[in-house]
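Residue numbers (the numbering used here): 29 to 380.
Glycine residues also receive a C-beta, built at the ideal position from the N, C-alpha and C atoms.
Since the structure is predicted, the reported quantities are computational estimates derived from the model, not experimental observations.
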Ligand SMILES: [Zn+2]
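In structure tokens:
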């Protein structure tokens, strides 16, 4: 017999559209327009559960050229775990539609949308878009996951960045299930800063490089969002293994080019680096001495420049320091092989 005492979810209203409990809808938010009078909508997928629960916003491509998150959301939306959820999932595959169209991080006015929050109704294009997005989508959420990659020509090891001084945020960072967590308090008008300031726990998933798809980063991302949903009680327990506790970096820093030239890297992302290791060289095809690059500190390589042409001062390696660096290296090995052997989570062949 059906338990009639079970609480029922109320309809979810967004942009004048009513989504009934137990249904899904795609809402086209009119956030911008091209000067050809073509509307530039931001599609929001609303998966509204039968039972009440958290409202999780998952967003991607707030930097228009960061594509792994777009594919993470596409796969997430096809996942069977979403057939019956508690609460509501607001999935936004592309926040910066302008940048996405032009294959760039930025807006047409060269601003970074992720520096324009909270924005305002009367400010710059970026401020207006940020304001619309904040008031219509972000403010509706109780929790958020923002999906990013490294910048152009720069790859990140899958990692979570979060303000761990908030306990709920820390719990989400742990639940996501990637081995490396970087504690960072972001300012400068980011979505993350604004969400945290108004009590919405938010984590950023960073993985891969702009303008590229990377299967392992995508898989880890889909899995991570599903892990967070389970942690928040939005889905039932899945059969997959409970992820190991992540390691929180003590600090992190960039190694920069000491000279202009051609950059040759000798270490891959995820490498365990010891202080003084030879990690790269800067050479010149036009003669002259090579410059060796030695690791200034021990740690794990969590970010790397992939473009061989570098100028003095350019960031080459991002090294995160840990108390228990050998354990992190081990945990990364297990994690990487699990991800590679695991399913694509979309029932499709993997991207290779
Ligand atoms: Zn980004």
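What is the C-beta distance between residue 180 and residue 135, in whole angstroms, given that I count them as a contact (C-beta under 8 angstroms)? Position 152 of the chain shown, counting from 1, holds the residue named residue 180. Position 107 of the chain shown, counting from 1, holds the residue named residue 135. Not really, about 16 angstroms apart at Cβ, beyond 8 angstroms.
Quick check: does the Cβ of residue 94 come within less than 6 angstroms of any heavy atom belonging to ligand 1? Position 66 of the chain shown, counted from the start, is the residue given in the question as residue 94. With a cut-off of 6 angstroms, the C-beta of residue 94 is classified as near ligand 1, since at least one heavy atom of the ligand falls inside that distance.
Hey, is residue 176 close to ligand 1, as in C-beta under 6 angstroms from one of its heavy atoms? For this step, residue 176 is matched to residue 148 along the chain shown. Yes, Cβ of residue 176 sits closer than 6 angstroms to a heavy atom of ligand 1.
According to DSSP, is residue 107 helix, strand or coil? Looking up residue 107 in the chain shown gives position 79. Three-state DSSP puts residue 107 in coil, outside helix and strand.
According to the neighbour-count rule (16 or more other Cβ atoms, all chains shown, within 10 Å of its Cβ), is residue 289 buried or exposed? The residue given as residue 289 occupies position 261 in the chain shown. With 16 or more other Cβ atoms within 10 Å, it is buried.
Counting pairs of Cβ atoms below 8 angstroms between the stretch 310 to 324 and the stretch 173 to 187, do you hit three or more? no
Among residues of its own chain, excluding the 5 on either side of residue 117, which ones have a beta-carbon nearer than 6 angstroms to its beta-carbon? The residue you call residue 117 lines up with position 89 of the chain shown. For residue 117, where only same-chain residues beyond five positions count, the Cβ hits under 6 angstroms are 75, 84.
Taking the DSSP output, what are the residues bridged to residue 257? Start at 1 with the first residue of the chain shown, and residue 257 comes out as number 229. According to DSSP, which records beta bridges pairwise, residue 257 is partnered with nothing at all.
Using 7 angstroms as the threshold, is the C-beta distance between residue 119 and residue 73 below it? One-based indexing of the chain shown puts residue 119 at position 91. One-based indexing of the chain shown puts residue 73 at position 45. In contact: residue 119 and residue 73 (Cβ atoms closer than 7 angstroms).
List the DSSP bridge partners of residue 88. For the purposes of this step, residue 88 is identified with residue 60 of the chain shown, where counting begins at 1. 175, per the DSSP bridge assignment.
Rounded separation between residue 296 and residue 234 - CA only: Counted from its first residue, the chain shown places residue 296 at position 268. Counted from its first residue, the chain shown places residue 234 at position 206. Taking the straight line from one Cα to the other gives about 17 angstroms.
For residue 52, I'd like the list of residues in its chain whose CB is within less than 6 angstroms of its CB, leaving aside the five on either flank, ordered along the chain. Taking the chain shown and counting its residues from 1, the one referred to as residue 52 is at position 24. Excluding sequence neighbours, residue 52 sits near 75.
With DSSP as the reference, label residue 182 as helix, strand or coil. Position 154 of the chain shown, counted from the start, is the residue given in the question as residue 182. Of the three classes helix, strand and coil, the one that applies to residue 182 here is strand, per DSSP.
Straight-line Cα distance separating residue 367 from residue 243: Taking the chain shown and counting its residues from 1, one reaches residue 243 at position 215. Taking the chain shown and counting its residues from 1, one reaches residue 367 at position 339. Between residue 243 and residue 367, the C-alpha separation is close to 9 angstroms.
Close beta carbons around residue 29, own chain, < 6 angstroms, minus the five adjacent residues each side: By one-based count along the chain shown, residue 29 stands at place 1. With a pLDDT of 49 at residue 29, under the threshold of 50, the modelled position of that residue is not reliable, and the figure given next carries that caveat. Closer than 6 angstroms at the Cβ level, and outside the excluded window around residue 29, lies no residue.
Within 10 angstroms of the Cβ of residue 369, are there 16 or more other Cβ atoms? Answer buried if so, exposed if not. Locating residue 369 in the chain shown gives position 341, counting from the first residue. It is exposed - the Cβ of residue 369 has fewer than 16 other Cβ atoms within 10 Å.
Beta-carbon contacts of residue 106 that lie in its chain and below 6 angstroms, excluding the five residues immediately before and after: Against the chain shown, residue 106 aligns to sequence position 78. Once the five neighbours on either side are set aside, the close Cβ partners of residue 106 are 374.
When the Cα atoms are used, what is the spatial distance from residue 276 to residue 315? In the chain shown, counting from the first residue as 1, residue 276 sits at position 248. In the chain shown, counting from the first residue as 1, residue 315 sits at position 287. Rounded to the nearest angstrom, the two C-alpha atoms are 43 angstroms apart.
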